[in-house]
Structure formats: C-alpha cells, structure tokens
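Beneath this line is the structure, given in structure tokens, with notes to follow.
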Amino acid sequence: MNKLAILGGKPVGKFEMPSFPYYDESDVDAVADTMRSGVWGLGGAKQKELEEKFAAFCGVPYSVSASNGTVTLRMAMEALEIGPGDEVIVPGLTWQATAATVLDVNAVPILVDVDPETYTIDPKAIEAAITERTKCIIPVHLYGRMANMDELLAIADKHNLYIIEDCAHQQGARWDGKAAGSLGTIGSFSLQSSKILNSGEGGLLTTKDSRLSDLLHSLRFCGRAVREGAEAMQSGNFRLSELQAALAIVQLSRLEEQNAHREINATYIENQVSDIEGIKPMYRHPKITRQAFYNLTLRYDASAWEGVPKLKFLEALKAELDNESFHYGTTYEPLHMSPLYRPHSKKTHRLSETYWQQIDPRRFDLPVCKKAYEEESLNFMHMMLMTNREGCDIFVEAIKKLRANVGELAEFARK
C-alpha cells in the first residue's frame, strides 16, 4: 500500500484544473466591438440577438433577458400573478434565492424534501404539501441532475399548478429531448459568473406563452409594454446590458460542445467509481437525454469508510490530486437551517402575524436535505470536468487509493 499524500506520501498525480472562465479572442472582440458601437444599453441589438438565440437553443418561441437569475424567478411569479395568500412549493436543498423570491411577491414558500437518489425535489413530498392555496411548484435542476419532469408535470396537471423551472445549473440539459426550461410554464436561468453559461451576471427566461413573454418584457423594462397594445405590469429596471449580452452570445456558441465534454467525463467518472464501496453516483433517470453539470456530485457513506467524516475524506482526496486550487465542497445548506435564508430578518416580510409564522423555515422537517449536507454529498465544481481522460483517471485513482488505505485514512481522521 502506498502511503497517503495527506500523511506525507506521494500523491497519485497532478490534477491539472482547467482555467475558468473560458474565453478567447472572440469573446474579447465581441465585447470590444459593442463598446466601440457606443450603445451599451438601451437601443442596442445584442440583447435581442441573445434572446433569439437562447430561445432557439431551448426550442421555445420566447426568451427574455434580465439582470440576474434571482430577479428572473421573481419576474416569473409576478407574470403568473402569484402573490398574497398563495403557496409556492420549493425544494429545501437549493440556493436561497429560490425561496427568497417567493417572499418578494408576498407568497408563502413551502419547503419540501428532496429525493435521496438525485437531491432534486421529491414528487411524493410535493403531493403531501399541496393545499387549496398552492399555486406553483419551482423544481430546481440541481448540480448534475434534472428533476423528474414527467412526474412533476403530471402533478401540476392534476392540481392545475404552474411550474417554474429553476435552471440556474442546467443550461442545455434535456429531458426526453426537450431542453430544461422548455417543459414547465416558465424557465429561469442564471448567467452568474460561476455558471456554465455566464456573462459575469445576468439571467434569462423562457416560455412558450406569448402573453407571458409580453409581461416578462414589461417586468424587465420598468413596466413598459413591449409593443403597442401588449399587456404591461408595474415594475422596475432589470435589464441586461449590451456588453453582457455580447459576451453571453459568444459563450452560448460553445456551450453545447462544452456540455458534451463535461457529460462524457462525468459519466466516465461515475462509471469508474460506482463499484467503490461507500461511493455512489447520483441516479440518472433514463429520460435525461443530455445532462448538464454545474457540479459533479457523489454520495459518500462514512460507515463504509470506518467512520471517516466526509470533510476529512475530501481533504485527503485533494492531497492525492496535488493541486491547491482543486475545489471541492458539499451541497447548499438546507433552507430550514441556512444562514442566508432568513425571512424574519426583514421587516417588510411582517405582513401579518399569520404570515410571519408561515414563512418561518424552522417549521419544516427536511431529513434528506440535512443528511445530504452534513453527511453524504461530495461536490466538485464543473471546471474539473473540462479536464482530459488522464485527469479523470487521476481523480478516480485517488479515490481508489483512499479506499485501499481506509485504515490509514481513519487514523488520520481521528487525530
């Protein structure tokens, strides 16, 4: 047995982390040309070009750009006239914005547990949470898996509910050949700087409904009607700049190729580690015909590793990869215990004592979310999946080395 690198042994190999963000002279030229045009905001053509190209990419007739992927969720709910008295079902394992934007429209976020095999929203938990006040479901296509859209669409149809797909992690994923963001009522996307499609900041919405498209355009642009006679709605300024749109257009042009590369590598790694005791890939539904990856997520069972806590496992894994910049982590902290999701920290949320009690996240019990965060999830950012086959093999061999030296690893963890 080779001595573990964390204890002074030789690492398995140098994992070369691909640089991020990805750009070349075409990105630089696109932004520079837009700057030279003198039109950086209103009146430019890049925003419209991005919307048209993203709509085509997702296979829908309409796309609307916005300033970020948080406000897109709020805009979607406002366009659907979700507000006071309504309940919106969201998964407890997600970025805080998914639920916080429900508060922004004065509705009640109902937090439900996730499927332990995918970490996406559990259809059975949705069914149990539906009341006469339920108006909408916001499934989150999380990390490297899409939610089960067949089951969610059936539930929505049965109970006459809207679906807003939170696709912040899933630009380009496909369910049964249909793009993420094209299956529900509205799709919401983020272009934030860590995302696989990014322009520093930004957001996009998709829909097949012309009326909703008109309202979303109005909500993005200070309540102005997109054209004479179109419906409009009171709002603020959530526009994307021409510079961001120009960058996003070029980034979009290479997304399909990058998604394919990440999927090949992720699938290879998942297959290679599936026989390692105590390591389990997330379940992939056969209806997923293209899986995008914001993170590669694996499930860790400490009981199969002599009780080694997952953070100690990750520390030892990083040492074997011999790269200080190798990024690893866990899932988002579940919303019912998250330091970032604090509905009671804002006086504007105190609409009534009843509402104040309804929005308290501590009232929800989310055992699967909690276990995923505290014990199970091993998360690796999408940058690593742009490596080559040699990099994938180094990653897999590092896990195998830890498995072969589990006793030594357990001794390290106990120190």
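All residue numbers for the sequence shown refer to my numbering, where the first residue is 11 and numbers rise by one.
Beta carbons: idealized from backbone N, C-alpha and C, even for Gly.
The residues Tyr32, Ile206 and Met396, in chain order, have a CB closer than 8 Å to that of Gln268 in the same chain once the five nearest residues on each side in sequence are set aside. Approximately 12 Å separates the beta-carbon atoms of Thr216 and Gly182; this is outside 8 Å, ruling out the contact.
Annotation: Arg372 to Asn247 spans about 33 Å, alpha carbon to alpha carbon.
Distances from the alpha-carbon of His392 to those of Ser335, Arg272, Glu330 and Glu385 put Arg272 closest. Its Cα nearest to that of Ile173, the residue Val98 stands out among Asn398, Arg249, Phe374 and Val98. Val22 sits in coil when the DSSP states are folded into three classes, being neither helix nor strand. Its Cα nearest to that of Ile136, the residue Val124 stands out among Phe390, Val124 and Ile298.
The way I'd put it, the segment 141-151 does touch the segment 84-97; three or more beta-carbon pairs between them come closer than 8 Å. Spanning the alpha carbons of Leu327 and Pro291 requires a straight line of approximately 17 Å.
If you look at Glu97, you'll find it in the beta strand (DSSP E) that goes Glu97 to Pro101. Relative to the Cα of Lys20, the nearest Cα in the group Arg424, Glu407, Gly417 and Lys425 belongs to Glu407. When DSSP assignments are scanned along the segment 170-211, the uninterrupted stretches of beta strand (DSSP E) that are 3 or more residues long and fall wholly within it turn out to be 172-176 and 196-200. Phe231 has its alpha-carbon roughly 12 Å from the corresponding atom of Gly51. In the displayed model, Leu215 falls within a strand according to three-state DSSP.
Membership of Lys290 in any alpha helix (DSSP H) is not indicated; the residue belongs instead to the beta strand (DSSP E) covering Ile289 to Pro291. Taking a contact as a CB-CB distance under 8 Å, the pair Leu162 and Leu103 does not count as one, their CB atoms being some 16 Å apart.
Separation of the CB atoms of Pro119 and Ile369 is rounded to 7 Å, and the pair is thereby assigned contact status at 8 Å. For Lys297, same chain residues with a beta-carbon under 7 Å away, outside a window of 5 residues either side, are Asp160, Trp185 and Asp186 in chain order.
Taken in chain order, the unbroken stretches of beta strand (DSSP E) that lie wholly in the segment 69-152 and span 3 residues or more are 72-76, 97-101, 118-122 and 144-147.
According to the DSSP assignment, Ile286 belongs to no beta strand (DSSP E), since it is labelled neither H nor E. Within its own chain, the residues whose Cβ lies closer than 7 Å to the Cβ of Pro28, once the five positions on either side in sequence are excluded, are Met393, Met396 and Thr397, listed in chain order. Distance from the Cα of Gly93 is smallest, within the candidate group Val115, Ala76 and Thr82, for Val115. Inter-residue distance for Met347 and Leu250 is about 33 Å (C-alpha atoms, whole angstroms).
If you draw a straight line from the Cα of Ile16 to the Cα of Glu26, it is about 18 Å long. Straight through space, the alpha carbons of Leu226 and Val236 are spaced by roughly 9 Å. Three or more Cβ pairs drawn from the segment 104-111 and the segment 350-359 lie within less than 8 Å of each other, which places the two stretches in contact. Glu384 is not a Cβ neighbour of Ala312, given a cutoff of 8 Å. Taking a C-beta distance under 8 Å as the contact criterion, Gly69 and Ala164 do not qualify as a contact pair. Per the Cβ contact rule, the segment 403-418 is in contact with the segment 273-289 (3 or more Cβ pairs under 8 Å). For Phe323, there is no enclosing beta strand (DSSP E); the enclosing alpha helix (DSSP H) covers residues Lys320 to Leu331. In this structure, the alpha-carbon of Glu334 lies about 35 Å from that of Thr82.
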